[in-house]
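Student: Numbering (the working numbering), first residue to last: 1 to 406.
Input: one structure, supplied below.
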């Protein structure tokens, strides 16, 4: 059973530090309310002021109106609130967490941050005020085109959800910034081998002495990046998205991406999940990867996932991956999603049939050809052959041309 909500309450948010240990953000009191975080702006020692903020929050709190109204009478804050509630329910179910532990999931934290950012700018406006000019103003204020587009996609989804629930009937258009150029960063086989080897060999470094004056660090027996070696191999050879890699399991169960080691099939869509635009087709497993998967299962037949850290399934590898890229000496910008780019690039470089490659990767043929097609050995080969080829004539045509003096 889900836990009963504790209602709005104060919570001290710890100070944030940078990599050198310097405090970048002081500790402040926040209001926690069913998964939402509302800043009070009060420092740790301003308890009375924080309590006053909490009282004001509770007295002003209201539930968004859930009935049909004209868009000029609907606050966008209500639209976002209704969408947030609906999406949080879905996300909690997907990641099997409650409102108290949801912030441990990076995807949920990021989603809530985007809604909070939208609410700060759009919340006081009415739904009827959404137009191209307002969207462009938001994008300009946001700064980063990619980030602005992602935020506005959430706004569009929130408005669509509001309409689908029957709370407004008018058409509201959200204008999005243009998409950026598709990324074409991929790993060479040498880079991939270096990254895997780094993850496998790296040992955690710790101070060898407790004396504050002794800064010498020595390697320990801990191998904090070894789980990444498996993640990378699965990513490169299957071209799967990070979520499907993290959920890959030799044991079928709800919430897992089942890997049938006997038949060599990878059911990438998590059991119990609905199909989305992010295609997750079932695919055969390449023999080289299948050999690794079978060996890992023999080593630890009780493991529920192929990629585990401290005996638990991973939810995100972005931080560890960034460390591995730095330790391997690779160029900045390599991320877990680069593994999918790498798989697509290698398939094209080896002359794979584009239709089969698109099906294997779970992407449309159009996206594959537009983004990775230039890596294929046959890319524009017919055009190159035709433009450089000399005209050919029949014997009679040559005779006629000679008689004419041409």
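We put the CB at the ideal spot given by N, CA and C, even for glycine.
Just so it is clear, the structure is predicted and the values come from calculations on it, not from any experiment.
Comparing alpha-carbon positions, which option in 166, 18, 278, 111 lies nearest residue 65?
Tutor: By one-based count along the chain shown, residue 65 stands at place 65. Selected option, being the one with the closest Cα: 166.
Student: Give every residue of the same chain whose Cβ lies closer than 7 Å to the Cβ of residue 365, excluding the five residues on either side of it in the sequence, and list them in chain order.
Tutor: Start at 1 with the first residue of the chain shown, and residue 365 comes out as number 365. The answer, listed in chain order, is 354, 355, 358.
Student: I'd like to know if the segment 225 to 236 and the segment 290 to 309 are in contact, where contact means that at least 3 CB-CB pairs between them fall below 8 Å.
Tutor: Short answer: they touch.
Student: With DSSP as the reference, please indicate the residues paired to residue 266 in a beta bridge.
Tutor: Translated into the one-based positions of the chain shown, residue 266 becomes position 266. According to DSSP, which records beta bridges pairwise, residue 266 is partnered with 259, 283.
Student: Does the beta-carbon of residue 280 have 16 or more other beta-carbons within 10 angstroms, so that it is buried, or is it exposed?
Tutor: The residue you call residue 280 lines up with position 280 of the chain shown. Counting Cβ neighbours within 10 Å, residue 280 comes out buried, since at least 16 surround it.
Student: Within the same chain, show all residues whose beta-carbon is closer than 6 Å to that of residue 146, passing over the 5 residues directly before and after it, in chain order.
Tutor: If you number the chain shown from 1, residue 146 lands on position 146. 180.
Student: Alpha carbon to alpha carbon, how far is residue 18 from residue 24?
Tutor: Translated into positions along the chain shown, residue 18 becomes position 18. Translated into positions along the chain shown, residue 24 becomes position 24. Between residue 18 and residue 24, the C-alpha separation is close to 6 Å.
Student: Could you tell me which whole alpha helix (DSSP H) segments of length 4 or greater appear in the segment 124 to 210?
Tutor: Listed in chain order, the complete alpha helix (DSSP H) runs (minimum 4 residues) inside the segment 124 to 210 are 132 to 142, 145 to 164, 189 to 201.
Student: Please state whether DSSP places residue 343 in a helix, a strand or coil.
Tutor: Taking the chain shown and counting its residues from 1, one reaches residue 343 at position 343. If DSSP states are grouped into helix, strand and coil, residue 343 belongs with the helices.
Student: In whole angstroms, give me the CA-to-CA distance for residue 360 and residue 298.
Tutor: Mapped onto the chain shown, residue 360 falls at position 360. Mapped onto the chain shown, residue 298 falls at position 298. Each residue's Cα considered, the two are about 27 Å apart.
Student: Can you give me the Cβ contacts of residue 328 inside the same chain, cut-off strictly under 6 Å, excluding the 5 residues immediately before and after it?
Tutor: Position 328 of the chain shown, counting from 1, holds the residue named residue 328. Answer for residue 328: 194, 195, 198, listed in chain order.
Student: If we ignore side chains and look at the alpha-carbon of each, how far apart do residue 76 and residue 45 end up?
Tutor: Here residue 76 is taken as the residue at index 76 of the chain shown, counted from 1. Here residue 45 is taken as the residue at index 45 of the chain shown, counted from 1. If I take the Cα positions, the gap works out to 35 Å.
Student: DSSP state of residue 316, grouped into three classes?
Tutor: Here residue 316 corresponds to residue number 316 of the chain shown, with the count starting at 1. In this structure, residue 316 counts as coil in the three-state DSSP scheme.
Student: By a C-beta neighbour count over all protein chains shown, 10 Å radius and 16 as the cutoff for buried, is residue 332 buried or exposed?
Tutor: Within the chain shown, residue 332 is the residue found at index 332, counting from 1. So residue 332 counts as exposed.
Student: Would you mind working out which of 170, 348, 53, 241 sits nearest residue 317, comparing C-alpha positions?
Tutor: Counting from one through the chain shown, the residue named residue 317 turns up at place 317. Nearest of 170, 348, 53, 241 to residue 317, Cα basis: 241.
Student: Short check: CB of residue 245 to CB of residue 272, under 7 Å?
Tutor: Start at 1 with the first residue of the chain shown, and residue 245 comes out as number 245. Start at 1 with the first residue of the chain shown, and residue 272 comes out as number 272. Not closer than 7 Å, so no.
Student: Could you check what DSSP says for residue 304 in three-state terms: helix, strand or coil?
Tutor: One-based indexing of the chain shown puts residue 304 at position 304. Coil at residue 304, not helix or strand.
Student: Near residue 351, which residues of its chain fall below 6 Å by C-beta distance, leaving aside the five closest residues on each side in sequence?
Tutor: Taking the first residue of the chain shown as position 1, residue 351 is located at position 351. Here the set comprises 377.
Student: For residue 11, is the classification buried or exposed, using 16 other Cβ atoms within 10 angstroms of its Cβ as the cut-off for buried?
Tutor: Numbered from its first residue, the chain shown carries residue 11 at position 11. The residue is exposed, with fewer than 16 neighbouring Cβ atoms inside 10 Å.
Student: On the DSSP bridge assignment, give the partners of residue 37 in chain order.
Tutor: Your numbering for residue 37 matches position 37 in the chain shown. In DSSP, residue 37 forms a bridge with 32.
Student: Beta carbon of residue 119, beta carbon of residue 80: below 7 Å?
Tutor: Here residue 119 refers to the residue found at position 119 when the chain shown is read from its first residue. Here residue 80 refers to the residue found at position 80 when the chain shown is read from its first residue. Going by C-beta atoms, residue 119 is nearer than 7 Å to residue 80.
Student: Using 7 Å as the threshold, is the C-beta distance between residue 247 and residue 259 below it?
Tutor: To locate residue 247, count along the chain shown from 1; it is residue 247. To locate residue 259, count along the chain shown from 1; it is residue 259. No, these two residues do not count as a Cβ contact at 7 Å.
Student: In whole angstroms, give me the CA-to-CA distance for residue 335 and residue 13.
Tutor: Taking the chain shown and counting its residues from 1, one reaches residue 335 at position 335. Taking the chain shown and counting its residues from 1, one reaches residue 13 at position 13. Each residue's alpha carbon lies about 29 Å from the other.
Student: Helix, strand or coil: how does DSSP classify residue 8 here?
Tutor: The residue labelled residue 8 in the question sits at position 8 within the chain shown. Three-state result, residue 8: coil.
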